[in-house]
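Protein chains in written order, with our numbering: chain V, 43 to 157; chain G, 7 to 118.
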Amino acid sequence: TQLLEQSPQFLSIQEGENLTVYCNSSSVFSSLQWYRQEPGEGPVLLVTVVTGGEVKKLKRLTFQFGDARKDSSLHITAAQTGDTGLYLCAGQLYLLMNTGNQFYFGTGTSLTVIP
Amino acid sequence: NAGVTQTPKFQVLKTGQSMTLQCAQDMNHNSMYWYRQDPGMGLRLIYYSASEGTTDKGEVPNGYNVSRLNKREFSLRLESAAPSQTSVYFCASKRNTPYEQYFGPGTRLTVT
Chain V
43 TQLLEQSPQF
53 LSIQEGENLT
63 VYCNSSSVFS
73 SLQWYRQEPG
83 EGPVLLVTVV
93 TGGEVKKLKR
103 LTFQFGDARK
113 DSSLHITAAQ
123 TGDTGLYLCA
133 GQLYLLMNTG
143 NQFYFGTGTS
153 LTVIP
Chain G
7 NAGVTQTPKF
17 QVLKTGQSMT
27 LQCAQDMNHN
37 SMYWYRQDPG
47 MGLRLIYYSA
57 SEGTTDKGEV
67 PNGYNVSRLN
77 KREFSLRLES
87 AAPSQTSVYF
97 CASKRNTPYE
107 QYFGPGTRLT
117 VT
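Structure follows, in structure tokens:
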């Protein structure tokens, strides 16, 4: 089983619509990242959140870290065709002995924005 | 500034053959990682190296070995390839602040 579960797995929407992608776990994370991956390329970091309840905005993208640091969401306002891609969440577990070097990735959300 | 580079980009192996995937970074990062990506499973950590001279197992290390040759280079070796190792392999390095990983373009490996 994956430590981080993302939903939905696939999402197809019209340009201009809003959407939310969820990243959930039963474990506590010391930090959580969101990446976007284009076909044939490696993931590219979008944002890192580290404080429970934290909200970060990147243009039309809004990222939230849950109060208990077990979940996160990515909200896109007025989606554009350029937002098409695979969105991945990843986190570092909060452990007393955690050196902060191991990351766990979510299952991914494949977003298609139709013109 | 090349970032993280990986070779080869594509490889086809027959069951039982061996090969080494190469990774290099020019960002002076201490930590380096090898992941595999399979449909519907996101990225899974194979091995990582927190610093030159150290390596640790990740979630799925069986069938793989790694070498941290120096601070720049981190290689992944398949001693006897199996069809279950067909995947896309990504190398990444991490900044010395805790959070940010930078990924290479990936190696697409098919084992027949």
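Ideal Cβ placement from N, Cα and C applies to all residues, glycine included. Computed from a predicted model, the values in this text were never measured in an experiment.
- Task: List the residues of chain V whose Cβ lies closer than 9 Å to the Cβ of G/L51, in chain order.
- Result: Neighbours of G/L51 on chain V, chain order: Q144, F145, Y146, F147.
- C-beta contact flag for G/S93 and G/L75 at 8 Å: Not closer than 8 Å, so no.
- Query: In angstroms, rounded to a whole number, what distance separates the CA positions of V/S72 and V/Y64?
  - Reply: Straight-line spacing of the CA atoms in V/S72 and V/Y64 works out to 18 Å.
- Task: Please classify V/Q56: does DSSP put it in a helix, a strand, or coil?
- Result: In this structure, V/Q56 counts as strand in the three-state DSSP scheme.
- Query: So, does the CB of V/E83 fall closer than 8 Å to a CB anywhere in chain G?
  - Reply: At least one CB atom of chain G sits nearer than 8 Å to the CB of V/E83.
- Message: Here's a check: name, in chain order, each residue in its chain whose Cβ is nearer than 6 Å to the Cβ of G/F16, leaving out the five neighbours to either side.
- Response: The beta carbon of G/F16 sits closer than 6 Å to the beta carbons of R114 from its chain, once the five residues preceding and following it are set aside; these are given in chain order.
- Query: Assuming G/G112 and G/A98 make a contact with CB atoms under 8 Å, what is their CB distance in whole Å?
  - Reply: With a contact defined as Cβ atoms closer than 8 Å, G/G112 and G/A98 miss out at about 10 Å.
- Whose C-beta lies closer than 6 Å to the C-beta of G/K100 among residues of the same chain, with five residues either side of it excluded? Hits under 6 Å: H35, S37, Q107.
- Do G/S81 and G/L27 have their C-beta atoms closer together than 8 Å? G/S81 places its beta carbon less than 8 Å from that of G/L27.
- Item | Enclosing beta strand (DSSP E) for V/V89 [first to last residue] | Membership of V/V89 in the beta strand (DSSP E) is indicated by the continuous run 86-91.
- Item | Option nearest V/G148 by Cα separation, candidates G/D44, G/M25, G/Q23, G/T60 | If we check each option's Cα against that of V/G148, G/D44 comes out closest.
- Query: Expressed to the nearest angstrom, what Euclidean distance is found between the alpha-carbon atoms of V/T123 and V/L100?
  - Reply: If I take the Cα positions, the gap works out to 17 Å.
- Message: Can you list, in chain order, the residues of its chain with a C-beta nearer than 7 Å to that of V/S54? Leave out the 5 residues immediately preceding and following it.
- Response: The residues are T154, I156.
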